[in-house]
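Taking it in order: structure first as structure tokens, then the write-up.
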Amino acid sequence: MLAVQLAALLGGTQDAGAGAGHEEALALLDGFDDALVDGLARVTGERADAVTALAAAFAGSPLADRLAEAADAVVSGSIAPEHLTALAGGRIALYGAVHDALLGGLDAALGRERADWPPSDPAGTAGGPGAQPAGNVLDGARAWLRELAITGWRGVGHDLVSAADQIIEALLGVPSLRRLAVLLDGFAAELRACCPIGSAERLPVRRWADLWTRALLLSQDGVLTEPRPTATVSGRLLVLGVDVHEHGTAVQFQVHAVLEPAGGGRPRLMRTCVAVAKVDTVTGPTLWKLAQRHKVLLAALADRRSLEITDMTLVDGGDLVWDDDRAFVGAPADPFAAARLCLSGALAPAVPPLDRVPVRIAEPVLVEGYKVTRDGSFDLGGAVLAVDTERLPGCGPLTPALVRSSSACVGLVRWDGGQWTLQPLAVQAKVKRETTVVATGDWALGPTDPKAAKAEARTGDAVAVLRERAGRLLRR
Amino acid sequence: MTDRSPDGMTVWARNSRLPVVPPVRPRKLAKVPFVELADGRLQGVVSSGSDIGRVYVSSIAAGTHNYNCSTNNNRPCGGLYGAPCKHLRALVAEAVVQYGADRVARYLRVEVPEGAELADCLGGVHEPAPAAVVFSRFLRHLAYLEVPDTTLPIPELHWFPATGVVR
Numbered sequence: 461m462l463a464v465q466l467a468a469l470l471g472g473t474q475d476a477g478a479g480a481g482h483e484e485a486l487a488l489l490d491g492f493d494d495a496l497v498d499g500l501a502r503v504t505g506e507r508a509d510a511v512t513a514l515a516a517a518f519a520g521s522p523l524a525d526r527l528a529e530a531a532d533a534v535v536s537g538s539i540a541p542e543h544l545t546a547l548a549g550g551r552i553a554l555y556g557a558v559h560d561a562l563l564g565g566l567d568a569a570l571g572r573e574r575a576d577w578p579p580s581d582p583a584g585t586a587g588g589p590g591a592q593p594a595g596n597v598l599d600g601a602r603a604w605l606r607e608l609a610i611t612g613w614r615g616v617g618h619d620l621v622s623a624a625d626q627i628i629e630a631l632l633g634v635p636s637l638r639r640l641a642v643l644l645d646g647f648a649a650e651l652r653a654c655c656p657i658g659s660a661e662r663l664p665v666r667r668w669a670d671l672w673t674r675a676l677l678l679s680q681d682g683v684l685t686e687p688r689p690t691a692t693v694s695g696r697l698l699v700l701g702v703d704v705h706e707h708g709t710a711v712q713f714q715v716h717a718v719l720e721p722a723g724g725g726r727p728r729l730m731r732t733c734v735a736v737a738k739v740d741t742v743t744g745p746t747l748w749k750l751a752q753r754h755k756v757l758l759a760a761l762a763d764r765r766s767l768e769i770t771d772m773t774l775v776d777g778g779d780l781v782w783d784d785d786r787a788f789v790g791a792p793a794d795p796f797a798a799a800r801l802c803l804s805g806a807l808a809p810a811v812p813p814l815d816r817v818p819v820r821i822a823e824p825v826l827v828e829g830y831k832v833t834r835d836g837s838f839d840l841g842g843a844v845l846a847v848d849t850e851r852l853p854g855c856g857p858l859t860p861a862l863v864r865s866s867s868a869c870v871g872l873v874r875w876d877g878g879q880w881t882l883q884p885l886a887v888q889a890k891v892k893r894e895t896t897v898v899a900t901g902d903w904a905l906g907p908t909d910p911k912a913a914k915a916e917a918r919t920g921d922a923v924a925v926l927r928e929r930a931g932r933l934l935r936r
Numbered sequence: 002m003t004d005r006s007p008d009g010m011t012v013w014a015r016n017s018r019l020p021v022v023p024p025v026r027p028r029k030l031a032k033v034p035f036v037e038l039a040d041g042r043l044q045g046v047v048s049s050g051s052d053i054g055r056v057y058v059s060s061i062a063a064g065t066h067n068y069n070c071s072t073n074n075n076r077p078c079g080g081l082y083g084a085p086c087k088h089l090r091a092l093v094a095e096a097v098v099q100y101g102a103d104r105v106a107r108y109l110r111v112e113v114p115e116g117a118e119l120a121d122c123l124g125g126v127h128e129p130a131p132a133a134v135v136f137s138r139f140l141r142h143l144a145y146l147e148v149p150d151t152t153l154p155i156p157e158l159h160w161f162p163a164t165g166v167v168r
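Protein chains in written order, with our numbering: chain A, 461 to 936; chain B, 2 to 168.
Below is the structure:
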């Protein structure tokens, strides 16, 4: 990412007069989100106006009638399930428009070309395979979410949170509903950790509204279907870095990479993931052990090598469905070599319609030639990009101090809370007077730093202890 | 309107990627495999020191600090002579490692004077509580390790960035 690109990004989307209208859209969103704080059971005054305003924004669109009816129902206190669905749909559409404007601005600034979303096949959209037998489970999830919205965050108590347990357990049993299970589990854990919420000083208002709407969307019949395979691909995969996602009972390693297709052709940006269930006491470098079935992938990350893949499935949205049997470890290639070589001309994947939400924006970039400002941001010729070093994954060696002393960085450009930020995945920094590369995936085969290895050894093998307990106590 | 003015509040109210649940610290799980702050109790499962197949379910209620300890089959713990048994003390000690003393004290609503041990500051009396609920939550906890991994993307996890280390 060059200085002019960053200036274009910050100038294009953060000016009040950009004309994109996303500030107005976010204000409508905030109004609705505020209404969820005290619940939709008693919506009056300013909050009633906010709900009505959200609906009014859709006047003249195909959603107009349903949203107007839903807003009326909320204000008059006679909310039916379909009204909540309609309001959630309105929020999703609005937020989706914000996403499109943001990603469009980012692509334009970076000069990144993005593939078009293939037109949907009319036969295969609604009620796809895997969605039907789960009807009852989804009923339960919807009922819980309805109760939550009516009660409001301030009214949530232990009983309401615990009511989610059974639903989550049932969802986890259905592979096609995994996404909803993981989402609800993380959401419920947050509500539980904040209980009793009534007196809490600060609430993650937008975040919980995001999670609630997302969950309501995924719990509609036929929404969660297997992603469509679009192609099988072969070639050399150059790893840019690993983004790690985690909550108490799940961890996901999302690898960002560029594929150089076998037989030539344009390089393409891709993501590939491994997600594993876990428990909260399994943290830090131990997390990698949960993914050890995928040896080839982990070895390439730990040794900073490219991967040669053959006939691997690519699904909607540019996600490669990782399969260790179709890959082998290739030549050494650190993330900076990969980024310099092929990031600028690579084709970015289209974003699936359901995933058009600002939080999913995570575009890999290479940044160099910056000065680190006092607060840790990167100053690139006068344009300043905030750097998010607060949540560098505990399973890797990257630290805020390393980022601060770095001279080059491969990271993900994200947008949150009204600003663009850079999430580092790898840095070039001087360690003991030698310039070295440090990346989030370096410990994929175990910590290479003796101090971290010792710390891990001190607490023993958490997974093994729990497996032993499970072996003795489960199913007896 | 929800107050969005002071800086910290604005971030908290307007950001989507927030660490709402504070990360837990790693600890040895052999003696106390399960600890949680849930349902208004500090509760957990403590492995028996003498019988490898037996576990104790221990809990302390927030506010009253009334406690209970029994086997998972609801047989009362023999160590409860009008005072918390060693299982309860182990539970508190491990909870402090996992969550930090402040978070445990806040949850149980207990004042811990400077230099004092949290376990010594709990009042409360023995009050039978059903062990089955806690035990089944523990089994459910263990069952997570049997859920197969997946290589299909879970975009929802973008809301849950990695938790930094408690180094």
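Quick reminder that beta carbons are idealized off the backbone N, C-alpha and C, glycines included.
In this text, all values refer to a predicted model and were calculated from it rather than measured experimentally.
Per-residue DSSP class, three states only, for residue i
i, result
"residue 804/A", "coil"
"residue 577/A", "coil"
"residue 886/A", "strand"
"residue 590/A", "At residue 590/A the pLDDT is 45, less than 50, meaning the model places this residue with poor confidence and gives no usable figure here."
"residue 584/A", "Confidence in residue 584/A is poor, its pLDDT being 49 and thus under 50, which makes the residue's placement too unreliable to answer from."
"residue 66/B", "coil"
"residue 37/B", "strand"
"residue 11/B", "helix"
"residue 44/B", "strand"
"residue 82/B", "coil"
"residue 672/A", "helix"
"residue 130/B", "coil"
"residue 695/A", "strand"
"residue 467/A", "helix"
"residue 934/A", "coil"
"residue 920/A", "coil"
"residue 785/A", "helix"
"residue 511/A", "helix"
"residue 686/A", "coil"
"residue 656/A", "coil"
"residue 876/A", "strand"
Counted within 10 angstroms of its Cβ, other Cβ atoms place residue i as buried (16 or more) or exposed
i, result
"residue 941/A", "Because chain A in this structure spans residues 461 to 936, residue 941/A falls outside the shown range and cannot be described."
"residue 891/A", "exposed"
"residue 778/A", "buried"
"residue 464/A", "exposed"
"residue 160/B", "buried"
"residue 870/A", "buried"
"residue 69/B", "buried"
"residue 137/B", "exposed"
"residue 62/B", "buried"
"residue 51/B", "exposed"
"residue 48/B", "buried"
"residue 187/B", "Residue 187/B is absent from the structure shown; chain B starts at 2 and stops at 168."
"residue 27/B", "buried"
Beta-carbon proximity list for residue i, same chain, < 6 Å, skipping 5 on both sides
i, result
"residue 889/A", "862, 865 and 866"
"residue 658/A", "614"
"residue 461/A", "825 and 827"
"residue 913/A", "907"
"residue 77/B", "71"
"residue 110/B", "63 and 64"
"residue 730/A", "717, 719, 778 and 780"
Cutoff 8 Å; reference residue i; Cβ partners in own chain excluding five residues on either side
i, result
"residue 726/A", "805, 806 and 807"
"residue 837/A", "844, 845, 846 and 847"
"residue 591/A", "Confidence is the limiting factor: at residue 591/A the pLDDT is only 46, short of 50, which leaves the residue's position unreliable and the question unanswerable from this model."
Beta-carbon proximity list for residue i, same chain, < 7 Å, skipping 5 on both sides
i, result
"residue 798/A", "698, 699, 700 and 718"
"residue 792/A", "764 and 765"
Note down, in chain order, all residues in the segment 721 to 736 of chain A with a beta-carbon under 9 Å from any beta-carbon belonging to chain B. 731, 732, 733, 734, 735 and 736
Determine which residues of the segment 772 to 797 of chain A have a Cβ less than 8 Å from any Cβ of chain B, and write them out in chain order. 775, 777, 779, 781, 782 and 783
Start-end ranges of the beta strand (DSSP E) lying completely within the segment 818 to 857 of chain A, minimum 3 residues: 823 to 828, 838 to 840 and 843 to 847
In the segment 524 to 549 of chain A, which residue ranges form an unbroken alpha helix (DSSP H) of at least 4 residues, counting only runs that do not cross its ends? 524 to 536
Members of the segment 667 to 697 of chain A near chain B, C-beta cut-off 7 Å: 667, 670, 671, 674 and 687
Mind pulling the beta strand (DSSP E) runs of 3 or more residues that sit fully within the segment 744 to 781 of chain A? 765 to 775
Residues in the segment 79 to 108 of chain B having any Cβ partner in chain A nearer than 8 Å: 99
Relative to chain A, which residues along the segment 7 to 25 of chain B have a C-beta separation below 9 Å, given in chain order? 9, 10, 11, 12, 13, 14, 15, 16, 17, 18, 19, 20, 21, 22, 23, 24 and 25
Contact residues within the segment 138 to 157 of chain B, judged by C-beta distance below 9 Å to chain A: 138, 139, 140, 141, 142, 143, 144, 145, 146, 147, 148, 149, 150, 151, 152, 153, 154, 155, 156 and 157
Can you list, in chain order, the residues of the segment 539 to 567 of chain A whose Cβ is nearer than 7 Å to any Cβ on chain B? none
Which of the residues in the segment 482 to 511 of chain A, read from start to end, lie with their CB under 7 Å from any CB of chain B? 494, 497 and 506
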